[in-house]
Structure formats: structure tokens, C-alpha cells
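Undergrad: Got a structure for you, written out below as C-alpha cells; questions coming shortly.
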Amino acid sequence: MPGARLFTCSAGGIWNRAETCRECRQFPAQALLPHLPDGPPYTAGAGAQVGETLRDAGVSRGRQAHPGLRRRQSLRPGSCGPVGGPDVKVALYARVSTSDKSQDPETQLMPMRDSCAAQGWEVTREYVDKAPANDLAHRVRWRDLLDDAAKRKFGVVLVFKLDRAFRSVKHMHDTLAAWEVVGVGFKSLREQFDTSTAMGRLLLNLLAALAEFELEVIRERVKAGMERARRQGHKIGRPSVWDRRGFSRRFGDILERLNAGDVSRRQAAIELGIGYATLKRLLDARDVEPGEQPV
1 MPGARLFTCS AGGIWNRAET CRECRQFPAQ ALLPHLPDGP PYTAGAGAQV GETLRDAGVS
61 RGRQAHPGLR RRQSLRPGSC GPVGGPDVKV ALYARVSTSD KSQDPETQLM PMRDSCAAQG
121 WEVTREYVDK APANDLAHRV RWRDLLDDAA KRKFGVVLVF KLDRAFRSVK HMHDTLAAWE
181 VVGVGFKSLR EQFDTSTAMG RLLLNLLAAL AEFELEVIRE RVKAGMERAR RQGHKIGRPS
241 VWDRRGFSRR FGDILERLNA GDVSRRQAAI ELGIGYATLK RLLDARDVEP GEQPV
């Protein structure tokens, strides 16, 4: 049905929330995880056996568990999802908002490495992004992390703070639900929470909501500062190409060569260190009509 949230199981069945599995016919669809919009379909692992109750598999009482369900594991304080013993494999995720040298991912990675070493955990890979939290398109390493988590290449994801990983409370809930189904735990170095209790789950939601609120406050302050600077006559955005040292002289030389037909526009843009569209915009602004350009 259009817009329905489809589910999948290890037996290959696909169904919506209102139906039973089309393959198994006897297991409730609510037991498994939906396809998430920000990543590939997540299927449950083959942990629970037919005959176990849903309560044993960590879902609810009264019916048999789907063969694709995993048994719920105990949680440690400061974590979400199953966290293994001292030999667990860990993936580290760090993110900074920009590529500015003042924001160094090592500030987050170093204490996380120390924490893993102290607990005897093996760091399988470090994922580092340089992009804002809500810019999922440019968070390439985050997408790699989601793919590797679905393949169960590690047992725990460790971050420095919640806001380094998640852009909103909903984003956090969807991601952690996917990881719990495949048996991947989550830990934050700065925040401590225990999701095996109602109070711990409430604390996790509060921490995520506060992180989301803090990001919104920062965005509002940045917008207000830019508006104030604009009203004071300051230019907002990247510096103009005309502000580059010697650009006016080099542009004049290129202009003469363009009019003489000695250079193409594309080659001229390369020599000036600007894009083709920028050069075209500069020429159009000057109302220049260069002669025939060599190919």
C-alpha cells in the first residue's frame, strides 16, 4: 500500500504494520523493525529460536518469537543496547561542524581511545565527519558507520557526546532502535544513562532534547549575528574574488587574451583559479563580448 511502513524478516517476508508476516503468517509485524528512511533496510539477526516467548526475546508476552529476533541483552550504565564484555569490538565516531583547524576531531578521539584501552575494548575503526549534525548528505563516514553496524562489524558505537551523532530526538530513537535489533550497543563518553530502567530512558530523552535545543539556540544566535552585521554594513559570506591579491591585474590580462581569441573561457577560468560559472558571471557583469574562443 502507498506510504505504508514495510517490515522485513530473516525469512524474507515483507509486510506492513497491520498484517502478519507473509512468509510465516503467524508472527506479529510489531515485533520487527521498519525500514529506516536514512539508511538501508535493517533485518533482525537470527538470535531467538522458534518456541521462545516474545518476552524472552525482549518484545512482549504471550506469543512465539519470530525466528529472526535476537534475545535482549543486559545493559550497562551509560549505554543503550547490548554492550558485551571486556573483549567487545568498538567503533569510534567523532564529528566537528567545520573543517576549521580550531575544531580538531582528535579532541574527541583521544579520550575515547583512552576509555577503550582502560576497559580492554578493541577499536575496530574510527569514523570522522566534518559537517553539521543536520547535514546527513555530507556525513559520509556516518553512513559508513550505519552500513557497518547493519553488518555487525562491531558490538558498540562510542561517541564523545550525544550531539556529535544525532541531529534530533527522533533521529536518535530511529538509529538506536535499528542498532538494538542487530545487537549493536551505544555509549556516550560524556553522558551517563542506563536504558534498562524507566528513569534511565527518561534521562536519555532529556539529554537528547537538550542537545537538540542547544543546536537550535546556536543557529538562532548565528542568524541574529549575521543580520546585525548586515545592517551595520558588513559583508556576509565568502570574500569576493576581487579581494584576492593581484586578481584585478590578472583578470585584465586574461580579458585581453579572451578578446584576441588566444585562450578559451574554460582555460581562462583555470588560470584565474575560479570556476567557469564565476568567470562567465564576471564577464556578463562587465558586458564583455569576447571573440571566437578556441576549443
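Here full-length UniProt numbering is used: position 215 in the sequence shown is 215, and no number is missing along the way. Where is the CB? At the ideal position from N, CA and C, for every residue including glycine. If you're wondering where the values come from, they're calculated on a predicted model, not measured in any experiment.
1) Below 7 Å CB to CB, which residues in the same chain sit around residue 212 once its five sequence neighbours on both sides are set aside?
2) For residue 67 and residue 96, what's the separation of their Cα atoms in angstroms?
3) Kindly indicate the opening and closing residues of the beta strand (DSSP E) around residue 175.
4) Closest to residue 191 by CA distance: which of 174, 158 and 120 is it?
5) For the beta strand (DSSP E) that residue 130 lies in, which residues bound it at each end?
6) When DSSP labels each residue in this structure, what does residue 268 get in the three-state scheme?
7) For residue 188, which residues does DSSP report across the bridge?
8) Can you tell me where the alpha helix (DSSP H) with residue 250 in it begins and where it stops?
9) Whether or not the region 144 to 157 and the region 122 to 131 are in contact is what I'm after, with contact meaning three or more pairs of Cβ atoms, one per stretch, closer than 8 Å; do they touch?
10) Measuring CA to CA, which of 151, 260 and 205 is closest to residue 171?
11) Classify residue 202 as buried or exposed, calling it buried when 16 or more other Cβ atoms lie within 10 Å of its own Cβ.
12) Taking its Cβ as the centre, do 16 or more other Cβ atoms sit within 10 Å of residue 180, making it buried, or is it exposed?
13) Per DSSP, which residues does residue 95 bridge with? Please list them.
14) Can you name the residues that DSSP bridges to residue 263?
15) From which residue to which residue does the alpha helix (DSSP H) around residue 146 run?
16) Taking the straight line between their C-alpha atoms, what separation do you get for residue 189 and residue 217?
17) For residue 153, does the three-state DSSP call read helix, strand or coil?
18) What's the call for residue 91, buried or exposed, on a 16-neighbour Cβ count within 10 Å?
19) Based on Cα-Cα distance, which residue from 162, 137 and 184 lies nearest to residue 153?
TA: Let's see:
1) Around residue 212: 168 and 169.
2) Reliability of the predicted coordinates at residue 67 is poor, the pLDDT of 40 falling under 50, and the value obtained from them is presented with this limitation in mind. Those two C-alpha atoms are separated by around 41 Å.
3) Element bounds for residue 175: not the beta strand (DSSP E) but the alpha helix (DSSP H), 169 to 182.
4) When only C-alpha atoms are compared, the closest one is 158.
5) Its beta strand (DSSP E) spans residues 122 to 130.
6) Look at residue 268 here: in three-state DSSP terms it is helix.
7) Residue 188 pairs with 159.
8) For residue 250, the uninterrupted alpha helix (DSSP H) run begins and ends at 247 to 260, by DSSP.
9) The region 122 to 131 is in contact with the region 144 to 157.
10) It is 205.
11) Burial check for residue 202: the Cβ neighbour count within 10 Å stays below 16, so the residue is exposed.
12) Residue 180 counts as buried, since at least 16 other C-beta atoms from the protein chains shown sit within 10 angstroms of its C-beta.
13) Beta-bridge pairing links residue 95 to 129.
14) Answer is none; residue 263 lacks a bridge partner.
15) Judged by DSSP secondary structure, residue 146 falls within the alpha helix (DSSP H) whose first and last residues are 140 to 150.
16) One C-alpha to the other measures close to 23 Å.
17) Coil at residue 153, not helix or strand.
18) Counting of Cβ neighbours within 10 angstroms places residue 91 among the buried residues, the total reaching 16 or more.
19) Looking at the Cα atoms, 184 is the closest of the given residues.
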